[in-house]
Structures are given as C-alpha cells and as structure tokens.
Amino acid sequence: MTPAAATFELRSPTPSRPARRLLPTVVFAAAAVALWWAVSLGAIAGRPLIAGPFETLVALAAVAGPLALDLACTLARAATGLLLGTVLGLLLGLAAAAAARSTEAPEGALELLRSIPPVVWLPLFLLGLGYTDAARIATVTAAVSLIMAAAVTTAAKAPASLRVEQLRLARASPLQLLRWTQPWESLPALLVGLRIATAMAIIVATVAEMLAGAPHGIGSRIVDAQVAQDTPQLTAAIAALGLAGFALGRGLRWAELTARALASGERRS
Amino acid sequence: MAARRLGFERPSGVVLADITLTVGEGERVALIGENGAGKSTLLRLLLGLERPSRGIVHPAPRGCGYVPQAAGESLFPWFTVLKNVALPRLAANLPGAAEVAWSCLREVAPAIDPGRRAAALSGGERQAVALARALAAAGPAIVADEPFAALAVEAKRAALQGLDRALCGRALLMVTHDEAEAHALGARIVRLAHGALVEACA
C-alpha cells in the first residue's frame, strides 16, 4: 500500500468535522424524541401524562397565533421585570458593596432575602396592587433584583486586579480607573447574573400567571389547558415556553462567553 | 526605595523575616533566590502594594514602572499595544505619551506591531509589552519580576539590551533566576533564602 493510499484509507471512513460534530446532536435529539414518544404512550389513572411529539406539533400548528401572543405577553412581563429588577439590583448591589467596607449587614440581608423563594412575594404584591400586571411584574422585579444585586456585589468586591494595580502605581484618577477597567472586568460577573436573572424572570412570570391568572400569558394558557384536560395543548404550551427559554439562554451564554474572552484577553474560536 | 527590618507574614507562615535592603538612585539590583523565597512579595512591599507585618518600608515613588510576575494579566486586552505602553503616561497626564511609548516599544520589542490589540499577543509578546510599559513610566525606578521569563532567546537578548539602554540612569530592582541577566545589566546581586537576606555581593 502506498503512503497516499494509506492516508486515503485512514481518512475515508471518518466523516468531515462539521458532520462529526452534528452527528451526536442528531442522535441525541432522535433519542429524546423517541423517549418523549415512549413516555406519551404511558398513562396514569387512564390519562396520558403528556402528549406525543406528533400530537404536540398538531396542537402547536392549530393554535400558533394565540400561543405566540400568550408567549409574547409572558416574555414582555418577564422583560419588564428584568429591566426594573436589573436597575434596582444595580443600586442595591452597589450600596451593599460600598457598605461592606464597614459592615457586612446589608450583604447578609440580601443573602437572607435571596433564600426566600421569589414566588412567595406574589401574594404580598397581589394584596398591595390587586390582581394586575403591576403585581406580576413586581414579583419578577423582586426576584431579579436580588440576583442582580448579588452579581453586582461580587463584581464590585472583586480584589484589585493587576491592571488596577498598574493604574494605581501610575497615579491614575478614580475616573480613569473606572473607565479603563471596571466596564470590562465587571462584565463577565454581571452577564452571569443577567443570564440567571433572565431564566428566573421567565419562571416567575409564568408562575405568577398560573397562580394569579392573567388575560393573556403562557401560564394562564397552561392552567386553562389543564382545567380543560387538553393534554396536547398543555404539552404544546410547555414546549413553546421551553424553546423560548432555551433560545434566550443560549443567546445570553454566547454574550457572556464573548465578554469573558474579551476581559481575559483570550480569543474565541 | 528601602526596607528596614522588614517582616511579612501570611496565615500560612512567615514569608519575610528581618529584611533590610536599599536601592539607591540609579542603582541596579537583581534579587535572586529559590521559588517561594519571598522575592515577589518583597517587590510588592517595596512598591507599597502590600503592607508589612513589621519593619519600615520607604516605598518606590508613585509613577515607577512595574512588571509583575504574571505580566500578561496586567495588560489591558481591550486596548492596542501602543495604548497599553502609553498608559502610565496617559494616567499621569504627561505629554508625549504616544511618542515615548513608541520609542520604548522599539527598544525592547521591535517586532511587535503597536497597532495590534493586546488580546492577540502571545505570552512572550505580552511580557515584552509589559516591560516596554514599565520603561515608558516617568518614575525614577523600574521594578520588574522575572521580566524575561517568557521570552525566547533572541527576544530576551533584544529586551535585555533595550532595557539597559532605556534605563537612562533610573534605578532597577529586578527578580530573576538567571544570574547572567543580572551580570548583563551590571546589577548588584542580592540573594534571598527562606525569607531572609543571606547574601549581598557586588
């Protein structure tokens, strides 16, 4: 066998790189759909636990418009709460970090509040604000603000980096220090917080709709489908919410990795 | 910069014990010793970046150039090489920051493109840029912690010669594991062992 033939023989059975990368994903996706289908064949007390993949697709196609509207409403509530919670979290986190020089009490208080499940704030807001969107958004805001406050405190309390030391030795002003280091060095920690907060915002917005009801929203749709015992609709709503959360999570993860690579000086492939 | 009867302790134990060292104006001193002898800690104490457990430190005046041991991490990857080198003068609002940075870069790392982003540099290139940045500082001393450790033979020779020329009467305190580097720079060698100054020779 010539060396060229040997090379050809070695290479030919191996798929090209993109195909090699794609193959496990396709196999896993097929296995997951098969498992889903197998679970949908089972029943508890005479009723299927979830609808099968095909039934779910049919249900998705049948209510695509209203489902998209409900999903948009839920995401809008989550986004509003996320925005307000991020601003509030920034303020709380900065205040806690500033106070940490003399006392750990504010940080401890934030930690205590974070250990309370966020949805338990909903009844308080319902009492205060009524069965309105304000109460639902306030619950999301409360959940997000505590996560963002923790991220901001972590970023602000990080030990001085070698870059900060260089600038201090060079007699840089506090403004120069802030401008040349903080936005970049804090970004990874803030983006981790933002990613976790986004997932929490969607969860809390959905649960708030389920518990308190709402004219539109994926949480209300899920409860309505449950009351109507419409398993395909219920599964379709869960699948749509899962896909939306997955897409958002992946986007934020990409942003986080890019920021982290930029801050550490590594190049992303 | 000077240290008198200096001691430094960490929770894990004594790092430096009873160190007395003076680096005079324009003097070149090379600090050598085993790993963990406390060389880098002594440098940081002399720069005022750490507080001593006991003794007196007259730290290097602000504005001195400093090459830390992890020199690559001290660069600003989001800036260009030229801006990184110019930072000490930009921070101190000194005129001609870009011109000085350019000339320091030419001295110690002539092969590096000043317009490249620091993020795109290799480990050795980052170290050379950090050395150029220290030289661009306007202070009367340069403090460098193993400034040639990541450089290839040719780059190291160029950087050594460049440092020798660019010091221009400024003091140098340098940590090294290679006595040849100290000899090439005509530096007084000070040896540290187990946290104590055990030898000082011309």
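Chains as they are written, first to last, in my numbering: chain B, 369 to 637; chain G, 3 to 204. Cβ coordinates follow ideal geometry from the N, Cα and C atoms, glycine included. Bear in mind the structure is a predicted one, so any value in this text is a computation, not a measurement.
Contact under 8 Å by Cβ, residue i with residue j
| i | j | result |
| --- | --- | --- |
| valine 487/B | alanine 567/B | no |
| glutamate 475/B | alanine 468/B | yes |
| leucine 459/B | arginine 64/G | no |
| alanine 419/B | threonine 603/B | yes |
| cysteine 106/G | alanine 138/G | yes |
| proline 79/G | alanine 120/G | yes |
| glycine 26/G | glycine 171/G | no |
| isoleucine 590/B | alanine 605/B | yes |
| alanine 544/B | alanine 93/G | The residue asked about is misnamed: residue 544/B is glutamine in this sequence, not alanine. Yes, the pair counts as a contact, with Cβ atoms nearer than the cut-off. |
| glutamate 2/G | arginine 167/G | Only positions 3 to 204 of chain G appear in the structure, and residue 2/G is not among them; the question remains open. |
| isoleucine 586/B | threonine 442/B | yes |
| threonine 672/B | leucine 490/B | A question about residue 672/B goes unanswered here, because the residues of chain B that appear run from 369 up to 637. |
| serine 513/B | leucine 462/B | no |
| isoleucine 144/G | leucine 174/G | yes |
| arginine 563/B | arginine 621/B | yes |
| proline 149/G | valine 69/G | yes |
| isoleucine 505/B | arginine 547/B | no |
| leucine 417/B | valine 426/B | no |
| leucine 450/B | alanine 526/B | no |
| glutamate 49/G | valine 131/G | Glutamate is not the amino acid found at residue 49/G; the sequence shown has leucine there. In this structure, valine 131/G does not lie closer than 8 Å to leucine 49/G by Cβ. |
| alanine 161/G | leucine 133/G | yes |
Partner residues on chain G for residue i, Cβ-Cβ distance less than 8 Å
| i | result |
| --- | --- |
| glutamate 624/B | Correct list: empty, because the minimum Cβ distance to chain G is about 16 Å. |
Partners in chain B for residue i, counting only beta-carbon separations shorter than 9 Å
| i | result |
| --- | --- |
| glycine 126/G | Near glycine 126/G there are no residues of chain B at all, since even the closest Cβ is about 14 Å away, more than 9 Å. |
Residues that residue i contacts on chain G, provided the C-beta gap is smaller than 9 Å
| i | result |
| --- | --- |
| tryptophan 552/B | Phe78, Pro79, Trp80 |
Partner residues on chain B for residue i, Cβ-Cβ distance less than 8 Å
| i | result |
| --- | --- |
| proline 54/G | The contacting residues do not exist; proline 54/G stays about 17 Å from chain B at best. |
Own chain residues within Cβ distance below 6 Å of residue i, not counting five before or after
| i | result |
| --- | --- |
| leucine 452/B | Thr509 |
| proline 371/B | Any reading at proline 371/B is ruled out, since the residue's pLDDT is 45, under 50, leaving its predicted position unreliable. |
| alanine 88/G | Ala99, Ala100, Ala103 |
| isoleucine 21/G | Ala5, Leu8, Leu199 |
| methionine 369/B | Its pLDDT being 43, under 50, methionine 369/B is placed unreliably by the model, and the measurement read from it follows with that caveat. Around methionine 369/B: no qualifying Cβ. |
| methionine 211/G | Since the first residue of chain G shown is 3 and the last is 204, residue 211/G is not available in this structure. |
| leucine 378/B | Note on leucine 378/B: pLDDT 48, under 50, position unreliable in the model; the coordinate value appears next. Contacts found: none. |
| leucine 84/G | Ala103, Pro116 |
| alanine 524/B | Ala465 |
| alanine 195/G | Gly35, Ala39 |
Residue i, enclosing beta strand (DSSP E) - first and last residue
| i | result |
| --- | --- |
| methionine 568/B | Per DSSP, methionine 568/B belongs to no beta strand (DSSP E); it is in the alpha helix (DSSP H), 550-580. |
| threonine 82/G | It is not in any beta strand (DSSP E) - threonine 82/G carries neither H nor E in the DSSP assignment. |
| arginine 12/G | 4-12 |
| valine 591/B | Taken as a continuous stretch (DSSP letters only), valine 591/B belongs to no beta strand (DSSP E), being part of the alpha helix (DSSP H) at 586-595. |
| threonine 24/G | 15-24 |
| arginine 30/G | 30-35 |
| alanine 146/G | 143-147 |
| valine 59/G | 56-60 |
| leucine 417/B | Taken as a continuous stretch (DSSP letters only), leucine 417/B belongs to no beta strand (DSSP E), as it is neither H nor E. |
| arginine 209/G | Outside the displayed range of chain G (3 to 204) lies residue 209/G, so it cannot be described from this structure. |
| glycine 67/G | 67-69 |
7 Å Cβ shell around residue i - same chain, five flanking residues per side excluded
| i | result |
| --- | --- |
| glutamate 423/B | Pro600 |
| leucine 18/G | Leu8, Gly9, Phe10, Gly40, Thr43, Leu44, Gly197 |
| threonine 448/B | Ile505 |
| serine 124/G | none |
| leucine 47/G | Ala5, Leu8, Phe10, Pro54, Val59 |
Residue i CB to nearest heavy atom of the ligand MN below 7 Å
| i | result |
| --- | --- |
| leucine 49/G | The model on display carries no ligand, and the ligand MN is accordingly not part of it. |
Extent of the continuous alpha helix (DSSP H) run through residue i
| i | result |
| --- | --- |
| alanine 522/B | For the record, residue 522/B in the displayed sequence is threonine; it is not alanine. Start and end: 501-524. |
| aspartate 166/G | 155-168 |
| alanine 451/B | Just to set this straight, residue 451/B is leucine in the shown sequence, not alanine. Leucine 451/B -> alpha helix (DSSP H) spans 432-467. |
| arginine 108/G | 99-110 |
| leucine 175/G | No alpha helix (DSSP H) holds leucine 175/G; the beta strand (DSSP E) holding it covers 173-177. |
| glycine 40/G | Neither: glycine 40/G is in no alpha helix (DSSP H) and is coded neither H nor E. |
| valine 131/G | 125-138 |
Neighbour list for residue i in chain G, Cβ cutoff strictly below 7 Å
| i | result |
| --- | --- |
| tryptophan 548/B | Phe78 |
Contact list for residue i against chain A, beta-carbon separation under 7 Å
| i | result |
| --- | --- |
| glutamine 544/B | Checking the listed chains, one finds no chain A in this structure; the protein chains it contains are B and G. |
Nonlocal neighbours in the same chain, by C-beta distance under 8 Å from residue i, ignoring five residues either side
| i | result |
| --- | --- |
| glutamate 181/G | Ala32, Ile34, Ile191 |
| valine 560/B | Ala519, Glu624 |
| tyrosine 499/B | Ala580, Gly581 |
| valine 16/G | Gly9, Phe10, Gly197 |
| phenylalanine 376/B | Bear in mind that a pLDDT of 44 at phenylalanine 376/B, under 50, signals an unreliable position, so the model cannot answer this. |
| threonine 454/B | Val512, Ser513, Met516, Leu562, Ala565 |
| serine 380/B | With a pLDDT of 47 at serine 380/B, under the threshold of 50, the modelled position of this residue cannot be trusted, and the question is left open. |
Contacting positions in the stretch 81-108 of chain G - beta carbon closer than 7 Å to chain B = Flagged, chain order: Leu89, Pro90, Ala93, Ala94.
query: Taking any Cβ of chain G, which residues in the stretch 529-542 of chain B have a Cβ under 7 Å from it, in chain order?
result: Under the 7 Å Cβ criterion, the stretch 529-542 of chain B contributes Leu530, Arg531, Glu533, Gln534, Leu535, Leu537, Ala538, Arg539, Ala540.
**Report entry** Members of the stretch 45-72 of chain G near chain B, C-beta cut-off 7 Å
**Finding:** Those residues of the stretch 45-72 of chain G that come within reach of chain B (Cβ to Cβ, closer than 7 Å) are Leu49, Leu51, Arg64, Gly65, Cys66, Tyr68, Pro70, Ala72.
For this session: Give the residues from the stretch 132-153 of chain G that approach chain B closer than 7 Å (Cβ to any Cβ), ordered along the chain.
Result: Within the stretch 132-153 of chain G, the residues whose Cβ lies closer than 7 Å to any Cβ of chain B are, in chain order, Ala139.
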